[in-house]
Structures are given as structure tokens and as C-alpha cells.
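Numbering (our numbering), first residue to last: 303 to 572. A virtual CB, placed ideally from N, CA and C, is assigned to each residue, including glycine. Below is one structure, written out as C-alpha cells; the observations come after it.
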Amino acid sequence: MPTSAIATLAPVAGLDVTLTDGVLSVTINRPDSLNSLTVPVITGIADALERAADDPEVRVVRVGGAGRGFSSGAGISAADVSDGGGVPPDEIISEINRLVRAIVALPRPVVAVVQGPAAGVGVSVALACDIVLASENAFFMLAFTKIGLMPDGGASALVAAAIGRIRAMQMALLPERLPAADALAWGLVTAVYPAGHFDAEVDAVIARLLAGPAAAFAKTKLAINAATLSELDAALQREFDGQSVLLKSHDFVEGAVAFQERRPARFTDR
């Protein structure tokens with residue numbers, strides 16, 4: 303019997319990938335930083351999902367985070383992208399975009415398991431999934447503009463597709479925590495469950511998907527995404543172009559420092 307392509311993936315620090323009984327579990331395991339996304343972790347998730355697309359043993363994908371958070375977003379500081387910082391901005395954004403495209407293109411149901419905070423590109427990753435299950439303790443926040451950046455990871459398309467332009471603008475321009483109950487009312491998530499029953503409810507949803515018609519699911523996902531996310535590729539390119547500039551800006555440096563110092567940022571770029 304051939305070995306699953308998932309089994310040959312190279313291990314990545316801060317990322318757990320397992321395939322059990324048809325369920326590919328992809329878990330960001332960096333709980334000390336609320337599962338912030340490093341470039342190796344982003345690349346590792348994308349690699350796993352791209353392989354899963356052609357792996358008949360994978361029937362459902364579960365994406366989540368270890369500990370009390372889903373993902374606090376990209377773990378990038380101003381130093382990372384300054385001269386000599388070591389991580390080219392274009393590389394960061396390209397890998398994020400690759401990850402989001404892999405989720406959307408995957409011909410299997412992808413379930414986001416959001417047991418706690420989802421912020422920044424963590425929101426993008428969750429909304430790229432097909433089913434978004436949230437604990438009552440979860441919240442969602444597009445915090446990009448607080449540090450002089452713009453939403454990325456397809457958020458400009460994914461959030462607007464889920465909740466409409468006005469609410470997407472609210473999340474992006476007036477960033478605040480959106481509690482799970484409000485996220486459900488807005489249409490940002492599929493369901494919200496009590497924290498004490500969350501794991502059992504997630505397992506029940508995944509069991510339903512495992513028992514469903516894989517071929518019909520694949521064609522349904524393709525059709526719905528084509529109808530609702532036709533702008534995704536263009537949005538990813540616009541975000542790439544804009545974020546590449548903003549990551550090198552004075553406002554980003556000021557925003558990142560102000561965040562670390564817990565003070566209001568003094569933005570000056572125009």
C-alpha cells in the first residue's frame with residue numbers, strides 16, 4: 303500500500319501535522335505567542351495542504367492552534383523587515399498568499415477550529431477555510447492598521463465576502479475585538495459552541511463531513527468559491543503590492559514600536 307504523501311513532509315518547528323482516519327490535522331503549535339505565524343510555519347502549512355490536494359487518504363482537513371489561541375497573526379516585527387533584518391517582505395507575503403490559495407483550492411472540506419483569538423492574518427487563514435467553528439471564548443480582530451499596515455492574506459476579499467463591505471471596512475479601519483457571538487451574527491463564522499463542549503462539537507462536525515460525498519463536496523466547494531471569491535487572486539496581488547510598501551514604511555516602524563511600548567502610535571506617512 304503506497305505511503306501517504308503527508309508522511310514524507312519534513313518536520314517544522316512550531317507545526318504539528320498528522321493524518322488519522324482520513325482527517326488531516328494541521329496545528330500551529332506556538333502557544334507562548336498565541337500561535338503567531340513564522341515563515342517556516344506558513345510554508346509548512348502550505349506544503350501540507352498542497353500535498354493533501356492529491357492524497358486520496360485525506361478526506362477532511364482540520365486547521366487549528368495549540369493552547370488557548372487560534373493564531374495571533376504573522377510573527378513579524380519591524381526589525382524583521384528592516385535592512386539586515388533577514389526576512390524579505392515579499393517572501394513573507396508570497397508565502398501567506400500561497401497558504402491561502404492552498405486552502406481555497408483544496409478539493410476537500412477544510413475546517414477552521416477557532417478556540418480563542420484569531421488576529422491579523424490568522425483571520426485570513428480562518429476565513430479561507432470552508433467551515434469556521436468558534437468557541438464562545440474566541441474573538442476576531444483585523445489589527446493591521448493599528449501598526450501602519452493593511453489587511454493581507456486575502457482578508458480584503460475573504461472578510462468582505464463573508465460579512466459585506468461596510469462591516470469589512472469597520473473591522474479594518476476601526477479595529478476592535480469582534481466576540482464570537484457577534485462574529486456569528488455577522489456571518490463571519492459557521493457556528494459558536496460553549497467552551498466546555500467545543501471539542502466534542504468539532505468532532506461531530508468533522509464526523510459528518512467524513513461521512514459525506516467527497517466528489518460532491520469537491521464540486522460544491524469549487525462552485526461556491528468561484529461564485530463568491532472571484533476577486534481573491536486580484537485581492538492577493540493588491541495586498542502584495544500595498545503591504546510590500548507598507549512593511550518598509552516609517553509608519554510600520556512607529557506602529558510596531560508603539561505597540562511594544564503600549565502607547566498610541568504617531569503616524570506621519572501620507
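Using only CA atoms, which one of the options lies nearest to residue i?
i, options, result
"ALA445", "LEU476, GLU541 and GLY466", "LEU476"
"THR329", "ASP323, THR322 and ASN337", "ASN337"
"LEU351", "ILE394, PRO391 and ILE398", "ILE398"
"ASP356", "GLY371, ALA307 and VAL314", "ALA307"
"GLY346", "VAL402, VAL416 and ARG467", "VAL402"
"LEU490", "ASP501, SER546, ALA525 and ALA457", "ALA457"
"ARG364", "SER532, VAL416 and ALA493", "VAL416"
Once the 5 residues before and after residue i are set aside, which same chain residues still bring their CB inside 8 Å of it?
i, result
"THR570", "HIS552, ASP553 and GLU556"
"PHE561", "LYS448, ILE449 and ALA567"
"ARG572", "none"
"VAL423", "LEU339, SER373, GLY375, ALA376, ILE398, ASP454, GLY455 and ALA457"
Three-state secondary structure (DSSP) at residue i?
i, result
"ALA483", "helix"
"VAL415", "strand"
"GLY498", "helix"
"ASP318", "strand"
"LEU531", "coil"
"LEU548", "helix"
"ALA440", "coil"
"LEU408", "coil"
"LEU524", "helix"
"ALA567", "coil"
"VAL559", "helix"
"ALA638", "With the chain covering only 303 through 572, there is no way to say anything about residue 638."
"ALA420", "strand"
"LEU311", "coil"
For residue i, count neighbouring Cβ atoms within 10 angstroms of its own Cβ and tell me buried if that reaches 16, exposed if not.
i, result
"ARG568", "exposed"
"GLN539", "exposed"
"MET473", "buried"
"GLY367", "buried"
"GLY498", "exposed"
Going by beta carbon distance, what residues of the same chain come within less than 6 Å of residue i, once the five residues before and after it are set aside?
i, result
"GLU503", "TYR495"
"THR530", "ALA463"
In chain order, what residues of the same chain have a beta carbon less than 7 Å from the beta carbon of residue i, not counting five sequence neighbours either side?
i, result
"LEU548", "GLY450, LEU451, MET452 and PHE554"
"GLY386", "Note that GLY386 scores a pLDDT of 45, beneath 50, so its modelled location is shaky and nothing firm can be said."
"TRP488", "ILE465 and ARG469"
Fully enclosed by the region 442 to 485, which alpha helix (DSSP H) runs are 4 residues long or longer? Fully enclosed alpha helix (DSSP H) runs of 4 or longer: 457 to 465 and 467 to 475.
What residue ranges within the region 325 to 397 form continuous beta strand (DSSP E) runs of no fewer than 3 residues, ordered along the chain? Entirely contained in the region 325 to 397, the beta strand (DSSP E) runs reaching 3 residues are, in chain order, 325 to 330 and 362 to 367.
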